[in-house]
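Sequences listed follow chains G and S, in order. Read in the numbering used here, the first sequence has 210 at position 174, and its numbers run on one by one without any break. Read in the numbering used here, the second sequence has 280 at position 244, and its numbers run on one by one without any break. A virtual CB, placed ideally from N, CA and C, is assigned to each residue, including glycine. Since the structure is predicted, the reported quantities are computational estimates derived from the model, not experimental observations. In what follows, a single structure is set out as structure tokens and then discussed.
There are 2 protein chains.
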Amino acid sequence: MSIVVQKYGGTSVASIDKIKSVAKKLIKRKESGYDLVVVVSAMGKTTDTLIEMAKKISDNPSKRELDMLLSTGEQMTSSLLAMALKDMGYDAIALTGFQAGIKTEDKHTKASILDIEIKKVRHHLKEDKIVIIAGFQGIDENGDITTLGRGGSDTTAVALAAKLDCPCEIYTDVEGIYGVDPRIYPNAKKLDYISYDEMLEMASLGAKVIETRAVELGSKYQVPIYIALNTGLVTGTYIKELNESMEKKVVTGLTASDDDLMVTINNVLYNTKNICYIFNRLGEMDINIDMISQTAPIHGYVNISFTAPKESKDLIIDLVQELKRKMREIKVDIQEDITKISVVGLGMRTQSGVAARLFKVFADNDIHFKQVTTSEIRISYTINTTDKEKAIVKIAEEFNM
Amino acid sequence: MSIVVQKYGGTSVASIDKIKSVAKKLIKRKESGYDLVVVVSAMGKTTDTLIEMAKKISDNPSKRELDMLLSTGEQMTSSLLAMALKDMGYDAIALTGFQAGIKTEDKHTKASILDIEIKKVRHHLKEDKIVIIAGFQGIDENGDITTLGRGGSDTTAVALAAKLDCPCEIYTDVEGIYGVDPRIYPNAKKLDYISYDEMLEMASLGAKVIETRAVELGSKYQVPIYIALNTGLVTGTYIKELNESMEKKVVTGLTASDDDLMVTINNVLYNTKNICYIFNRLGEMDINIDMISQTAPIHGYVNISFTAPKESKDLIIDLVQELKRKMREIKVDIQEDITKISVVGLGMRTQSGVAARLFKVFADNDIHFKQVTTSEIRISYTINTTDKEKAIVKIAEEFNM
Numbered sequence: 037m038s039i040v041v042q043k044y045g046g047t048s049v050a051s052i053d054k055i056k057s058v059a060k061k062l063i064k065r066k067e068s069g070y071d072l073v074v075v076v077s078a079m080g081k082t083t084d085t086l087i088e089m090a091k092k093i094s095d096n097p098s099k100r101e102l103d104m105l106l107s108t109g110e111q112m113t114s115s116l117l118a119m120a121l122k123d124m125g126y127d128a129i130a131l132t133g134f135q136a137g138i139k140t141e142d143k144h145t146k147a148s149i150l151d152i153e154i155k156k157v158r159h160h161l162k163e164d165k166i167v168i169i170a171g172f173q174g175i176d177e178n179g180d181i182t183t184l185g186r187g188g189s190d191t192t193a194v195a196l197a198a199k200l201d202c203p204c205e206i207y208t209d210v211e212g213i214y215g216v217d218p219r220i221y222p223n224a225k226k227l228d229y230i231s232y233d234e235m236l237e238m239a240s241l242g243a244k245v246i247e248t249r250a251v252e253l254g255s256k257y258q259v260p261i262y263i264a265l266n267t268g269l270v271t272g273t274y275i276k277e278l279n280e281s282m283e284k285k286v287v288t289g290l291t292a293s294d295d296d297l298m299v300t301i302n303n304v305l306y307n308t309k310n311i312c313y314i315f316n317r318l319g320e321m322d323i324n325i326d327m328i329s330q331t332a333p334i335h336g337y338v339n340i341s342f343t344a345p346k347e348s349k350d351l352i353i354d355l356v357q358e359l360k361r362k363m364r365e366i367k368v369d370i371q372e373d374i375t376k377i378s379v380v381g382l383g384m385r386t387q388s389g390v391a392a393r394l395f396k397v398f399a400d401n402d403i404h405f406k407q408v409t410t411s412e413i414r415i416s417y418t419i420n421t422t423d424k425e426k427a428i429v430k431i432a433e434e435f436n437m
Numbered sequence: 037m038s039i040v041v042q043k044y045g046g047t048s049v050a051s052i053d054k055i056k057s058v059a060k061k062l063i064k065r066k067e068s069g070y071d072l073v074v075v076v077s078a079m080g081k082t083t084d085t086l087i088e089m090a091k092k093i094s095d096n097p098s099k100r101e102l103d104m105l106l107s108t109g110e111q112m113t114s115s116l117l118a119m120a121l122k123d124m125g126y127d128a129i130a131l132t133g134f135q136a137g138i139k140t141e142d143k144h145t146k147a148s149i150l151d152i153e154i155k156k157v158r159h160h161l162k163e164d165k166i167v168i169i170a171g172f173q174g175i176d177e178n179g180d181i182t183t184l185g186r187g188g189s190d191t192t193a194v195a196l197a198a199k200l201d202c203p204c205e206i207y208t209d210v211e212g213i214y215g216v217d218p219r220i221y222p223n224a225k226k227l228d229y230i231s232y233d234e235m236l237e238m239a240s241l242g243a244k245v246i247e248t249r250a251v252e253l254g255s256k257y258q259v260p261i262y263i264a265l266n267t268g269l270v271t272g273t274y275i276k277e278l279n280e281s282m283e284k285k286v287v288t289g290l291t292a293s294d295d296d297l298m299v300t301i302n303n304v305l306y307n308t309k310n311i312c313y314i315f316n317r318l319g320e321m322d323i324n325i326d327m328i329s330q331t332a333p334i335h336g337y338v339n340i341s342f343t344a345p346k347e348s349k350d351l352i353i354d355l356v357q358e359l360k361r362k363m364r365e366i367k368v369d370i371q372e373d374i375t376k377i378s379v380v381g382l383g384m385r386t387q388s389g390v391a392a393r394l395f396k397v398f399a400d401n402d403i404h405f406k407q408v409t410t411s412e413i414r415i416s417y418t419i420n421t422t423d424k425e426k427a428i429v430k431i432a433e434e435f436n437m
């Protein structure tokens, strides 16, 4: 029999009735001839509630104990789902992270999976049981319970599929992956396929459908990942290795992020030492800068711009004060109403002209961009947030997304 | 340093604020020079809520999965309490049943503890940590989570104290053990001491302060058990081995139970076969009979009475139908408004006259009793429930309880 790993997120198991529906769905799949390994998240907002309790105990709760507390959420769901299956006459077994042999680092609240003693799961599959596994958790070498961080259940599922050499299906509250956000561009088409690389570019840029780590793991072990609505009634999206020939589209996805601000430092005396100093200090202060641009020197002075997460704003203001003491002539401007628009597509590796078409879209529609960066399969622009919707719609139309 | 095991029940840890109060109490005790091992129950009504969830999934939920579900309650409390202690600057560690090395049988929902790998707890104590252990749970040899049944946290605490060879303190929502229920006899005095044997007689007769299994375990391993209000402000009761000389009282406790009914079978043809048949069938039907009485034969017929739990009523009615087919002359009477009054005291071993004093109390106050049974340290009577309060008050006065 073929094995498949399925994962159900918090909204799919948010109530007793929803857990029963998942059980029925599993039975249907089992009957169609599959061995099932099922990873579950905590019910609905359980994890948030547990975190609130911990925060009432301590502003900075012990991470080891926080992991022990949070892991109860998934343990509850897994036992309830196995109960439901048994009640419906199907053999099932619920396993916590440690019972499923999920070994992690001892980095509490954000541990990585080191290995899975998969023979435990295989043993139960051999006995024809539906194996239900508490997602998001594992055990470290001290025997302490660890958690994998938010969205960790995706990672649990993909890691299990990698070990079992089988596909992974992630059921969630979205219908799959769209090239463009349908809330902004209602004509957006759902993708049938997307490559790991494209998904990684899109995930890290703000498409919050699946954990980046899970996609990375899928890419590393070549696990086909299927993402679909938990009703199972609508075809979802496959994330898998694609060779260009399969892919007719030049551009697969378009994402927009308002998470960054742009800092412009005008009037910097142009010498390597000065510019190095600025970027060294940014590094030392752990400010994660992204797009960088620099004007050509005019009369020995340049303007430098970079983007950084809005949450670093306080640090940046500190740095600006420091820089002003050292370079008295500079003038600093911090712009918060900027948006980063990114266009992602495997096809960009082989087909040129995407940048040219994008520049034309911007010019035709009077959209000004401030910075451009490119990778092998991505081009990103910073624009004013006021132009965001227009840019998305016009780019989506241009590339028939 | 001396070690002490403490146990806090559900009402003592029912809220975040109560957990913080327990933490403060632990710190005070720690500061006074004790190594602490602390067993906690689930918060407030958590266990009931989890059972309700399971019942919504299945009328007869899988016991293995039920244990996995219920064990989360104590896991939550233990992690929150350890967090609170760490937040207050004291080193602590929370352990689940399996992390604490609590090995049990694989009898799900009512497992007995087989052994505790106590070196794990000792290791943490040596590092000067306050060790918080999730009560009520353990792990069987398959690596499955088990629970010890209702009140199992008492058993966890006493078993740990037995292994650590130290006393056990159980903090709860009662002030200690009373000889008589203060709700019925307001002058009732709290006992300073009670022996294991007396407590066992009283516990099985309806004084629901501590689990019988925990007292048995305490008796077997001679663990002194202290029961007190969770505020720690009122002196509680010690359960320990007592020699008679320590004990001035003849009668320690008086309990009343309305849990039984009394069956009288009148007009039974007196021969051994008939009477054997009745009691054989009661045994075969697993009806747990307690007090038995038989009148002297008159004209070759006798009347037989026995008490049995009210929950066996349906079974008894079935049996009566069966008996009537076999012994056509019998007439059966089932009385549900009876109360079993029991008087317990180590002093009864050596001091005679207790029965005589009790008979006088009954006679003086016009209380009729139907049956009497005795053990070495107990005398029990069945009376009409209408006489219950009068009997309790008059006996309590007679023995200055």
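Problem set entry | alpha helix (DSSP H) segment containing G:Lys61, residue limits | Per DSSP, the unbroken alpha helix (DSSP H) holding G:Lys61 starts and ends at Ile52 to Glu67.
Exercise. Does the count of Cβ pairs from the stretch 392-403 of chain S and the stretch 209-218 of chain S closer than 8 Å reach three?
Worked result: With the cut-off at 8 Å, the stretch 392-403 of chain S and the stretch 209-218 of chain S do not touch.
Exercise. Which chain G residues are close to S:Leu161, counting only those with a beta carbon under 9 Å from its beta carbon?
Worked result: Neighbourhood of S:Leu161 in chain G, by CB distance below 9 Å: empty, with the nearest CB roughly 16 Å away.
Exercise. Residues of chain S with a CB under 7 Å from the CB of G:Gly179: which are they?
Worked result: Per Cβ cutoff of 7 Å: Gln135.
Exercise. Taking contact to mean at least 3 C-beta pairs separated by less than 8 Å, is the stretch 69-76 of chain S in contact with the stretch 253-263 of chain G?
Worked result: Between the stretch 69-76 of chain S and the stretch 253-263 of chain G, the count of C-beta pairs closer than 8 Å stays below three; the two stretches do not touch.
Exercise. What residue does the alpha helix (DSSP H) around G:Ala250 start on, and which one ends it?
Worked result: First-last of the alpha helix (DSSP H) with G:Ala250: Thr248 to Tyr257.
Problem set entry | Alpha-carbon spacing of G:Ser439 relative to G:Asn279, whole angstroms | In this structure chain G extends from 37 to 437, so residue 439 of chain G is not present and cannot be described.
Exercise. Does S:Ile52 come within less than 9 Å of chain G when only Cβ atoms are used?
Worked result: Yes, its Cβ sits closer than 9 Å to a Cβ of chain G.
Exercise. If we cut at 9 Å on Cβ distances, does G:Asn223 have a partner in chain S?
Worked result: False, the Cβ-Cβ gap to chain S never drops below 9 Å.
Problem set entry | Rounded C-alpha distance that separates S:Asn310 from G:Gln111 | The alpha-carbon atoms of S:Asn310 and G:Gln111 are separated by roughly 56 Å.
Exercise. In the stretch 204-231 of chain S, which residues sit with their C-beta less than 8 Å from some C-beta in chain G, listed in chain order?
Worked result: In summary, no residue of the stretch 204-231 of chain S has a CB separated from any CB of chain G by less than 8 Å.
For this session: List the residues of chain G that S:Leu72 touches, going by C-beta distances under 9 Å, in chain order.
Result: Scanning chain G for C-beta atoms nearer than 9 Å to the C-beta of S:Leu72 yields nothing, as the closest lies near 16 Å away.
Exercise. Shorter than 9 Å from the beta carbon of G:Ala147 to some beta carbon of chain S?
Worked result: Not closer than 9 Å to any Cβ of chain S, the Cβ of G:Ala147 fails to qualify, so no.
Exercise. Under a Cβ-count criterion, where at least 16 other Cβ atoms within 10 Å of its own Cβ denotes burial, should S:Asn266 be classed as buried or exposed?
Worked result: With 16 or more Cβ atoms within 10 Å of its Cβ, S:Asn266 is classed as buried.
Exercise. Would you call the stretch 161-178 of chain S and the stretch 186-198 of chain S touching, i.e. three or more CB-CB distances under 8 Å?
Worked result: With a cut-off of 8 Å, the stretch 186-198 of chain S and the stretch 161-178 of chain S count as touching, because enough Cβ pairs lie within range.
Exercise. In three-state terms, what does DSSP make of S:Gly174?
Worked result: When DSSP states are grouped into helix, strand and coil, S:Gly174 belongs to the strand group.
Exercise. How close, in whole Å, do the beta carbons of S:Thr300 and S:Asn324 come, if the pair is a contact with beta carbons under 8 Å?
Worked result: The pair is not a contact, with the Cβ atoms about 18 Å apart (cut-off 8 Å).
For this session: List the residues that DSSP assigns as beta-bridge partners of S:Asp296.
Result: DSSP, once it has assigned bridges, lists S:Pro345 as partnering S:Asp296.
For this session: For S:Asp123, return the contacting residues in chain G, with the cut-off set at a CB-CB distance below 9 Å.
Result: Under the 9 Å cutoff, chain G gives Ile93, Ser94, Asp95, Asn96, Pro97 and Ser98.
For this session: Residues of the stretch 109-121 of chain S with a CB closer than 7 Å to any CB of chain G: list them in chain order, please.
Result: From the stretch 109-121 of chain S, only Gln111, Met112, Ser115, Leu116, Ala118, Met119 and Ala120 have a Cβ closer than 7 Å to chain G.
Exercise. Are three or more beta carbon pairs between the stretch 148-155 of chain S and the stretch 97-116 of chain S nearer than 8 Å?
Worked result: They do not touch, by the three-pair rule.
Problem set entry | Close beta carbons around G:Lys360, own chain, < 8 Å, minus the five adjacent residues each side | Within its own chain, the residues whose Cβ lies closer than 8 Å to the Cβ of G:Lys360, once the five positions on either side in sequence are excluded, are Ile366 and Val368, listed in chain order.
Exercise. DSSP on G:Phe435, reduced to helix/strand/coil?
Worked result: Correct three-state label for G:Phe435: coil.
Problem set entry | Sub-9 Å separation of G:Gln407 and G:Met298 beta-carbons | Between G:Gln407 and G:Met298, the C-beta gap is smaller than 9 Å, which places the two residues in contact.
Exercise. Taking only beta-carbon atoms, is S:Glu247 less than 9 Å away from chain G?
Worked result: No, S:Glu247 does not count as interfacial toward chain G.
Problem set entry | Secondary structure, beta strand (DSSP E): runs of 3+ residues fully inside the stretch 315-403 of chain G | Qualifying beta strand (DSSP E) stretches, in chain order: 328-330, 337-345, 367-371 and 374-380.
Exercise. Can you tell me where the alpha helix (DSSP H) with G:Arg100 in it begins and where it stops?
Worked result: Its alpha helix (DSSP H) spans residues Lys99 to Asp123.
Exercise. Going along the chain, which residues of its own chain have a beta-carbon closer than 8 Å to the beta-carbon of G:Thr273, five neighbours each way excluded?
Worked result: Result list for G:Thr273: Gly212, Ile213, Lys226, Leu227, Asp228, Tyr229, Ile230, Tyr262, Ile263 and Ala264, in chain order.
For this session: Measuring alpha carbon to alpha carbon, tell me which of G:Asn303, G:Gln387, G:Ile374 and G:Lys54 ends up nearest G:Phe405.
Result: Nearest option by C-alpha distance: G:Ile374.
Exercise. Count the other CB atoms within 10 Å of the CB of S:Gln357; is the residue buried (16 or more) or exposed (fewer)?
Worked result: Classification of S:Gln357: exposed, given that the 10 Å Cβ count is below 16.
Problem set entry | Within chain G, partners of S:Leu62 - CB distance below 7 Å | What S:Leu62 touches in chain G: nothing, since even the nearest Cβ is about 14 Å away.
Exercise. Can you find a CB in chain S that lies within less than 9 Å of the CB of G:Met437?
Worked result: Taking a beta-carbon distance threshold of 9 Å, G:Met437 does not count as an interface residue toward chain S.
Exercise. Which residue's Cα is closest to the Cα of G:Ala399: G:Lys430, G:Arg414 and G:Leu305?
Worked result: Checking every option, the nearest Cα to that of G:Ala399 belongs to G:Lys430.
Exercise. So, using beta-carbon positions, are S:Thr439 and S:Thr183 closer together than 9 Å?
Worked result: Here chain S has residues from 37 to 437 only, and residue 439 of chain S is not among them.
Exercise. Taking buried to mean at least 16 other C-beta atoms within 10 Å of its own C-beta, is G:His160 buried or exposed?
Worked result: Classification for G:His160: buried.
Exercise. What in chain G is Cβ-close to S:Ile152, meaning under 8 Å?
Worked result: Against S:Ile152, chain G offers no close residue; the least beta-carbon distance is about 15 Å (beta-carbon pairs closer than 8 Å).
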